[in-house]
Amino acid sequence: MRRWIPLFVVAALGVFLYLGLYLNPKEVPSPLVGQPAPDFSLPVVGRPGETFSPTDVRGEVWLLNIWAPWCSICLKEHRVFRELIGDEVPIYGLTWKDLDREAAPMLARNGSPYVKAVDDIDGRVAIRYGVTVTPETFVIDRHGVIRMKHVGPITPRVWDERFRPLLRELQT
Amino acid sequence: MIPELGQFLVMLALVIALVQGTVPLLGAQRRDERLMALGRPLAQAQFGLLLLAFCALAWSFLTHDFSVKNVAQNSFSQLPAIYRFTATWGSHEGSLLLWTLILAGWTAAVAVFSRQLPPEMVARVLGVLGLVSVGFIALLVFTSNPFERLFPIPADGRDLNPLLQDAGMISHPPLLYMGYVGFSVAFAFAIAALLSGRLDAAWARWSRPWTTAAWTFLTLGVALGSWWAYRELGWGGWWFWDPTENASLMPWLAGTALIHALAATEKRGVFTNWSVLLAIATFSLSLLGTFLVRSGVLSSVHAFAIDPTRGLFILAFLGLVVGGSMVLYALRAPRMVGGASFGWFSRESLLLANNVFLVAALGAVLLGTLYPLFLDALGLGKISVGPQYFNAVFVPLVAPVLFLVGIGPLARWKNASLPDLMWRLKAAFGVSLLTAALLPLTLEGMNLQVTLGLFLALWILFTVIKGFAQRLQHAGSDRWRKLLRLPRAFWGMQIAHAGLAVLVVGVTMVSNYEVERDVRMPIGSHVELAGYRFVFHGVEEVRGPNYLAGRATMDVTSPRGRTFTLYPEKRNYDASGMIMTQAAVNYGLFRDVYISLGDPLGDGAWTVRVYHKPFVGWLWAGALLLSIGGGLAAADRRYRMVLRRRREPEPEAVFTPAAAREVR
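Chains A and B, in that order, give the protein sequences.
Heads up: the first sequence at position 120 corresponds to 119 in numbering that gives the first Met the number 0, and the numbers run straight through without jumps.
Heads up: the second sequence at position 87 corresponds to 86 in numbering that gives the first Met the number 0, and the numbers run straight through without jumps.
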């Protein structure tokens with residue numbers, strides 16, 4: 000009997016591989032969706048002495064946008080934020096690894112799309128949010144729970160299709 | 000006309016493979032010399048046909064025949080000739096044709112270099128290889144015709160994927176396939192032995208050179224793939240635990256275990272069933288890799304175009320090959336596992352431990368690779384398994400193997416003395432441990448990972464030297480001549496083990512001391528990293544054969560004041576419109592300096608990522624030594640001599656029960 004074991008193992012594997020042919024491996028949702036947003040307290044860019052923490056905005060629906068001054072797509076995304084979204088929802092920025100301290104002058108020069116941007120210089124908070132690329136955006140509800148994660152830039156179309164319906168639902 | 004001819008030749012090869020897969024096997028069963036003798040000419044004919052078919056496809060690529068769909072999708076009028084040739088295997092269809100050609104090549108090699116083997120054995124091996132070939136050529140003919148025509152004929156092609164337009168891609172797929180497919184020979188020998196019921200030391204000896212040769216190619220193929228990813232993907236990584244990479248690592252681990260198990264089977268007649276199982280598993284894992292990469296079952300950075308019918312076809316074939324061999328194994332594997340007995344501490348027991356750890360590491364990689372699929376298929380959610388899992392699981396399983404590398408070759412067969420060996424190796428152990436513990440202190444302070452890695456590397460190196468010393472201890476003044484006269488198999492093993500040490504140094508150092516910086520650089524600005532100073536002189540437009548590039552000029556000054564200039568590029572390929580980052584690397588014995596150009600930020604400023612990668616080149620140098628060692632071992636004179644005196648009685652060939660008693 001023992002010598003049939005390899006056959007059984009292989010057969011079981013084959014069943015899984017067969018099922019796999021009809022699944023889509025590309026859709027992997029963030030495990031953070033539905034979980035409370037990881038807490039942090041970080042200094043605010045351009046306002047020495049001030050800090051920001053997600054608990055400060057408990058009771059509000061808000062966006063956390065991860066960006067970096069050296070990320071050109073993020074800067075394009077800022078234009079979308081400023082021109083399109085306006086005051087539909089408060090957006091807070093998480094500035095990732097700004098080692099050259101360029102974020103403050105850049106935001107001052109171009110006009111900041113954020114209510115506040117915090118300074119995550121060593122990228123530790125970004126790790127807790129599972130950030131793999133910039134930009135990424137999290138939608139956080141009144142109870143401090145992450146409701147959606149968007150990877151990549153927000154374009155007007157993405158905003159209309161993914162963000163606006165969800166925000167309308169959360170804000171009412 | 001040429002493409003149709005190619006297609007016809009492939010179909011003809013399928014017919015020949017069908018005959019080769021049946022008639023010689025039948026002949027071996029009926030002991031009919033004439034039927035058995037058909038194997039060799041059929042194998043050579045099949046190789047000739049597929050070689051011509053391959054040339055036909057290469058011709059279509061070289062002459063820009065865009066009426067062939069494959070050419071239109073994977074070539075371009077301005078593509079340089081060398082990449083037009085490599086584009087022949089740049090698509091799923093073309094690479095499958097290359098695969099069948101290489102399989103036919105190995106088969107023809109077996110036909111040529113097996114003059115001294117018993118005719119039944121040759122007939123069975125060639126028959127099994129013919130059956131494998133039937134599966135792949137059928138896949139080619141029925142689901143993936145590389146010669147398919149296109150109408151209307153497009154004016155120009157869509158160009159080869161720019162990622163594949165690289166020196167590493169010229170030789171990576173052929174070498175990888177040489178490895179994957181080469182294991183089919185070990186597989187065929189195992190199946191032939193099961194069919195004949197003769198699983199003995201002679202079988203192990205016949206399998207060994209073929210297995211080692213295939214392993215050598217696979218080692219080179221995997222290393223080149225890693226080197227390609229390092230240079231071409233633009234973020235300087237060399238191993239990502241991507242399913243495609245795991246697909247090539249798994250047969251490599253199984254093949255490594257197989258090489259070592261076969262050594263014990265040949266020398267001492269032990270682990271016979273286990274070797275058979277490993278030979279089947281190694282080739283099955285090669286097939287599994289093909290399935291994973293081409294079916295889209297797993298999400299991977301570099302998969303082929305996905306088509307469920309192909310996936311189903313490969314899976315059915317995989318099931319047939321693996322299922323069939325497992326049934327055969329269950330029915331025919333010898334009930335009484337013979338072989339000599341051995342002590343709890345001996346070369347045999349150490350090889351067994353090597354196999355246990357290697358197979359456990361293989362299992363861990365397999366589990367991590369397929370885990371997302373298991374959960375998804377069971378409806379338990381979608382996840383992805385990242386490098387953290389693999390690093391956490393793989394390293395503890397491989398570290399003991401590396402430690403055993405130091406002991407195994409010095410331990411005697413049958414029964415070794417642990418106290419004696421400990422005494423002889425105390426200096427090697429002490430010096431490696433001390434060096435490994437102190438060295439990190441001179442760099443960035445204590446680091447246990449570095450200590451472990453360096454200890455294992457030094458330990459292997461010292462014991463390799465010890466191995467040579469032990470062989471030459473009674474040589475006296477004749478030492479140097481004796482050294483060169485040592486068997487190639489011994490040299491091969493020692494060089495491969497030393498290569499492992501070099502590889503471990505590379506992995507350890509680059510994983511722990513690599514530094515990188517992302518910076519925004521206006522023209523004339525500079526950035527410092529690991530004592531190097533990088534000055535950015537702006538980006539200018541440069542025209543390539545089939546792309547337009549933004550090329551940055553970066554002057555780099557080393558800590559010792561040496562200067563050099565690097566030109567990282569951002570390329571925009573004309574036909575595909577794909578944008579590619581072409582990193583610039585300054586290679587060095589102890590470090591690479593790696594620059595990758597990001598995006599323009601206006602006013603001539605760009606984002607730039609600079610890396611300092613200590614000892615990264617040792618990764619590939621180590622892999623090269625591993626394959627040189629493999630090549631030497633496969634070319635040992637013993638295998639040829641044994642073949643030549645086949646008809647003479649072989650005193651040490653098979654372990655009889657009487658011999659086993661004597662050993663005890």
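Idealized CB from N, CA, C, for every residue including glycine.
Quantities reported herein were computed from a predicted structural model and do not represent experimental measurements.
- Rounded to whole angstroms, the separation of the alpha carbons of residue 372/B and residue 16/A is 8 Å.
- Scanning the region 373-442 of chain B for uninterrupted alpha helix (DSSP H) segments of 4 residues or longer gives 386-406, 417-442, listed from N- to C-terminal end.
- Look at residue 122/A here: in three-state DSSP terms it is coil, with no helix or strand label.
- Residue 151/A counts as exposed, since fewer than 16 other C-beta atoms from the protein chains shown sit within 10 angstroms of its C-beta.
- The beta carbon of residue 619/B sits closer than 6 Å to the beta carbons of 222, 226 from its chain, once the five residues preceding and following it are set aside; these are given in chain order.
- Residue contact check for residue 9/A against chain B: a CB pair falls below 8 Å.
- Where residue 228/B is concerned, the enclosing alpha helix (DSSP H) starts and stops at 200-231.
- Collapsing the DSSP output to three states places residue 136/A in a strand.
- With contacts defined by Cβ atoms closer than 8 Å, residue 92/B and residue 145/B form a contacting pair.
- Residue 593/B sits in a strand when the DSSP states are folded into three classes.
- Boundaries of the beta strand (DSSP E) around residue 612/B: 604-613.
- In the structure shown, the three-state DSSP call for residue 18/B is helix.
- Look at residue 308/B here: in three-state DSSP terms it is helix.
- Comparing alpha carbon positions, the residue from 310/B, 567/B, 2/B closest to residue 548/B is 567/B.
- Residue environment: residue 6/B is assigned as buried (16 or more neighbouring CB atoms within 10 Å of its CB, all protein chains considered).
- Distance from the CA of residue 117/B to the CA of residue 201/B, rounded to the nearest whole angstrom, comes to 11 Å.
- Considering only 630/B, 637/B, 639/B, 635/B, the residue with the shortest C-alpha distance to residue 218/B is 630/B.
- Residue-level contact check: residue 67/B does not touch chain A, since none of the beta carbons of chain A fall below 8 Å from its beta carbon.
- Beta-bridge partners assigned by DSSP to residue 92/A: 64/A, 116/A.
- The region 440-449 of chain B and the region 465-479 of chain B do not touch, with fewer than 3 CB-CB distances between them shorter than 8 Å.
- Going by C-alpha positions, residue 478/B is about 15 Å away from residue 490/B.
- With a threshold of 8 Å between beta carbons, residue 13/A makes contact with chain B.
- Counted as a single uninterrupted DSSP element, the alpha helix (DSSP H) harbouring residue 616/B occupies residues 616-633.
- Within 7 Å of the CB of residue 521/B, no CB atom of chain A is found; the nearest one sits about 10 Å away.
- In the three-state reduction of the DSSP assignment, residue 38/A falls in the coil class.
- Using a CB distance below 8 Å, the part of the region 60-92 of chain A facing chain B consists of 67, 68, 69, 70, 71, 72, 74, ordered along the chain.
- Taken through DSSP and simplified to helix, strand or coil, residue 566/B comes out as coil.
- The C-beta separation of residue 249/B from residue 365/B comes to about 6 Å, placing the pair in contact by the 8 Å criterion.
- In this structure, residue 423/B lies away from residue 341/B, with their beta-carbon atoms at least 8 Å apart.
- Residue 542/B and residue 574/B have their alpha carbons spaced roughly 14 Å apart.
- If you look at residue 109/A, you'll find it in the alpha helix (DSSP H) that goes 102-109.
- Put simply, of 169/A, 118/A, 145/A the residue whose alpha carbon is nearest the alpha carbon of residue 46/A is 118/A.
- With a threshold of 8 Å between beta carbons, residue 332/B makes contact with chain A.
- When Cβ-Cβ separations below 8 Å define contact, residue 528/B makes no contact with chain A.
- Comparing C-alpha distances from residue 149/A to each of 124/A, 65/A, 103/A shows the shortest one belongs to 65/A.
- With respect to residue 89/A, residue 114/A sits close: the two C-beta atoms are nearer than 8 Å.
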